[in-house]
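> Numbering (this note's numbering), first residue to last: 561 to 1028.
1) Could you give the DSSP three-state label for residue 970: helix, strand or coil?
2) May I have a chain-ordered list of the beta strand (DSSP E) segments no shorter than 3 residues that lie completely inside the stretch 853 to 922?
3) Please report the residue range of the beta strand (DSSP E) in which residue 958 lies.
4) First and last residue of the alpha helix (DSSP H) that includes residue 699?
5) Looking only at DSSP bridge pairs, what is residue 658 linked to?
6) Please list the terminal residues of the continuous beta strand (DSSP E) segment that includes residue 983.
7) Quick check on residue 889 - is its C-beta less than 7 Å from some C-beta in chain E?
8) DSSP state of residue 745, grouped into three classes?
9) Would you identify the three-state DSSP class for residue 992, choosing helix, strand or coil?
10) Could you tell me the boundaries of the beta strand (DSSP E) in which residue 1008 lies?
11) Verify whether the separation of the beta carbon atoms of residue 796 and residue 774 is less than 7 Å.
12) Could you tell me the distance, in whole angstroms, from the CA atom of residue 868 to the CA atom of residue 993?
13) Run through the DSSP bridge pairs and tell me what residue 764 is partnered with.
14) Which value, in whole angstroms, describes the spacing of the CA atoms of residue 851 and residue 1010?
15) Relative to the C-alpha of residue 736, which candidate in 703, 999, 755, 760 has its C-alpha closest?
16) Is residue 1023 buried or exposed, if buried means 16 or more other CB atoms sit within 10 Å of its CB?
17) Work out the CA separation of residue 893 and residue 956 for me, nearest whole Å.
18) Closest to residue 703 by C-alpha separation, out of 901, 971, 987, 672, would be which residue?
19) Closer than 6 Å by C-beta to residue 670: which residues in its own chain qualify, once you throw out the five before and the five after it? Chain order, please.
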């Protein structure tokens, strides 16, 4: 069994390939965002008046029935045992931002949590930028100081395959299982994905442009992005001893939504059919019982399964999950034609809704939650038991998202290893899910809220942490 190396914040493997193998029909099923389910509770039902909606690029609720979060909302929580044992996890696009602009109330909500030392993380299936760059960008757009300490994007856990965690105080992280191996990465901007992978600690990173430049015949069509490829290609690294011969690729990573599907699909298919991951070879085991992807071919990793994502166009756009479904469907046909029976595409999928991303996020939250214990308590709570040693364990996390098939499903399905922390799903109306178009969500949330401000207010009231 192949597993991710130890997490940054704990010594538990965060991923197992076999347990995250995703069948094609499961990917295809994610497309169904319009199936009906039992009616969910709405945050608006907790008020006497349903918030009015106004027209716009998306519906922005004017919360007539839900007042703004009060800046004094947690003035007495330090005196109430256990109230600091909860936290929030926020998706970004559709929850905090829409088309790179803050959704009304989102910045104020984050500042309110920070001022009252309530821990939260940003947990997104987005990617394509280094964590530090993305956090800096979000801080500027939201007007709220953020940190990589409480930020997890889809490909963040990939770093664990390059660098292991330091196991003893004062020691440095060691090399991961793939740090010195040759990997292929792709995404919306493969050159940028390479930079991110190198920043994570991978030392031998190849992108499709490198392969195309070294062997143009691998894709006998006029490249649509020829100038882009020429500008980003590097010479292929020499083969590692003792193998010699064609370059061996040890792993394939899809960092975010690919752009040139045709080239990427061709190269990935070639490698999955190869002998030992060597470019230009074909495994003799292909077509034999149990022979597909059983001859040392590179492991295949996807950073998220999202079929759709919300953009400027009025309908959701196809995401990395669609690329994965296309590859799985293509693999189904290849193996059926050449072997007589279709073989399942073996791959590792992380990101929401998969367990290992939530497990990783929970460890990040626990560390962030613990770090706040050393911070002086909010003004007015001095001497009330706040501060070091007063917070106790993290017993509840509110996952606030806009996608029922990732945010809500992941929170509903996740169970902490020790059973101590409960994840509560909250669906907001400001993102990819549209009730009029999609109907009741198949993945039923604990609560449906009009926006992130209403979601947080509901959670704070539920925890008894909001001044009346």
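Every residue, glycine too, gets a C-beta built ideally from N, C-alpha and C. If you're wondering where the values come from, they're calculated on a predicted model, not measured in any experiment.
The short version:
1) Residue 970 carries a helical assignment under DSSP once its states are collapsed to helix, strand and coil.
2) Correct list: 859 to 862.
3) Note, residue 958: beta strand (DSSP E), 956 to 961.
4) Start and end: 691 to 702.
5) The bridge partners DSSP lists for residue 658 are 661.
6) Counting along the chain, the beta strand (DSSP E) containing residue 983 begins and ends at 982 to 988.
7) Although the question refers to chain E, the structure presented lacks it and comprises just one protein chain.
8) The answer is strand: DSSP assigns residue 745 an E or B state.
9) Residue 992: coil per DSSP, three-state reduction.
10) Residues 1007 to 1009.
11) Annotated as proximal: residue 796 and residue 774, with beta-carbon spacing under 7 Å.
12) Their Cα atoms are separated by approximately 10 Å.
13) Answer by DSSP bridge pairing, in chain order: 742.
14) If you take the alpha carbons of residue 851 and residue 1010, they lie about 51 Å apart.
15) Its Cα nearest to that of residue 736, the residue 760 stands out among 703, 999, 755, 760.
16) A residue is called buried once 16 or more other Cβ atoms fall within 10 Å of its Cβ, and residue 1023 is buried on that count.
17) Taking the straight line from one Cα to the other gives about 45 Å.
18) For residue 703, the closest of 901, 971, 987, 672 by C-alpha to C-alpha distance is 672.
19) Excluding positions up to five away in sequence, the list reads 704.
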